[in-house]
Amino acid sequence: MPFMTYNISPEQALANAGRLMQASGVGAIKMEGGTYLAPTIARIVQAGIPVMGHVGLQPQSIHKYGGMRVQGRDNVDAARKLLADAHAVEDAGAFAMVVEGVPVELGKMITEQVRIPTIGIAAGPHCDGQVQVFHDLLGLFDAFQPRHVRRYVEGAKIFREAIASYVDDVKNQRFPTDEHAFSMKPEVLAQLNGTETTETGDK
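Heads up: the sequence shown runs through residues 125 to 327, numbered per my numbering.
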């Protein structure tokens with residue numbers, strides 16, 4: 125769910141979740157948060173709306189972390205809090221959770237300790253499933269490559285080359301050609317030009 129549509133109260137979150145389900149036809153919602161969000165998750169699940177949780181690095185709240193930083197790596201209390209977050213999300217009734225931006229060891233521990241599926245991103249290979257950002261996967265963003273990303277194609281390079289070729293073709297009048305154009309019916313063109321003859325042969 126979008127930032128601040130579920131952060132004020134469980135009732136606010138339930139109202140917005142219901143609206144999202146009705147208006148969009150989605151089959152579930154996803155929310156970022158740990159222990160503090162558990163009552164909200166429980167309220168929404170009780171109303172019959174499936175919830176996917178999201179623990180670890182929470183992109184909607186990166187400013188409180190000082191940026192996109194790995195969570196639970198350098199402090200045992202922070203690591204324990206993330207484990208507690210995962211258990212709280214599960215106990216609240218989430219059907220699965222995204223685990224993002226945590227050390228590989230912590231991703232493994234969370235996956236082993238909870239009963240619901242974990243979907244990892246930047247959380248190591250031990251989660252039950254994996255997800256990547258589409259633009260990273262296809263190399264559409266190439267200013268830098270995050271450590272957890274594998275590019276399967278240099279999409280930005282391909283797109284730049286394609287657009288440059290298009291511009292060059294237009295400038296040099298190689299595109300468009302007649303092959304890419306639509307023609308009028310001859311009789312319509314004749315009428316438009318005022319050259320169609322009448323039955324008497326007059327224009």
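Built from N, CA and C at the ideal position, the CB exists for glycine as well.
Legend entry - Simplified DSSP state of Gly180, which is helix, strand or coil: strand
Inset, instruction - Would you mind sorting Glu156 into buried or exposed? The rule is 16 or more other CB atoms within 10 Å of its CB. - result: buried
Inset, instruction - Establish whether the CB of Gln237 and some CB of chain C are separated by less than 8 Å. - result: In the structure shown, chain C does not exist; there is a single protein chain.
Inset, instruction - Starting from the C-beta of Lys154, find all residues in its chain whose C-beta is less than 8 Å away, skip the five residues before and the five after it, and write them out in chain order. - result: Met125, Val175, Met176, Gly177, His178 and Val222
Legend entry - Secondary structure, alpha helix (DSSP H): runs of 4+ residues fully inside the segment 230-309: 258-261 and 279-295
Inset, instruction - Return the chain-ordered list of same chain residues with a C-beta closer than 8 Å to the C-beta of Gln136, the five sequence neighbours on each side being excluded. - result: Thr129 and Tyr130
Inset, instruction - Decide if Thr319 is buried, meaning its Cβ has at least 16 other Cβ atoms within 10 Å, or exposed. - result: exposed
Inset, instruction - Within the segment 137-223, note down every full beta strand (DSSP E) run reaching 3 residues or more, in order along the chain. - result: 175-180
Legend entry - Helix, strand or coil at Asn131 [DSSP, three-state]: coil
Inset, instruction - Assign Leu313 to one of two classes, buried (16 or more other C-beta atoms within 10 Å of its C-beta) or exposed (fewer than that). - result: exposed
Inset, instruction - Taking 8 Å as the cut-off, decide whether the C-beta atoms of Thr220 and Ile240 are in contact. - result: A small correction: the amino acid at residue 220 is Ala; Thr does not occupy that position in the sequence shown. Yes, the Cβ-Cβ distance between Ala220 and Ile240 is below 8 Å.
Inset, instruction - Check Val228 in the structure and name its three-state DSSP category. - result: helix
Legend entry - Candidates Ile173, Pro300, Met308 and Glu236, of which the one nearest Ala216 by Cα: Ile173
Inset, instruction - Grab me the residues of Asp266's own chain with a C-beta within less than 6 Å of its C-beta, minus the 5 sequence neighbours each way, in chain order. - result: Ala280
Legend entry - Inter-residue Cα distance where the pair is His187 and Phe306: 53 Å
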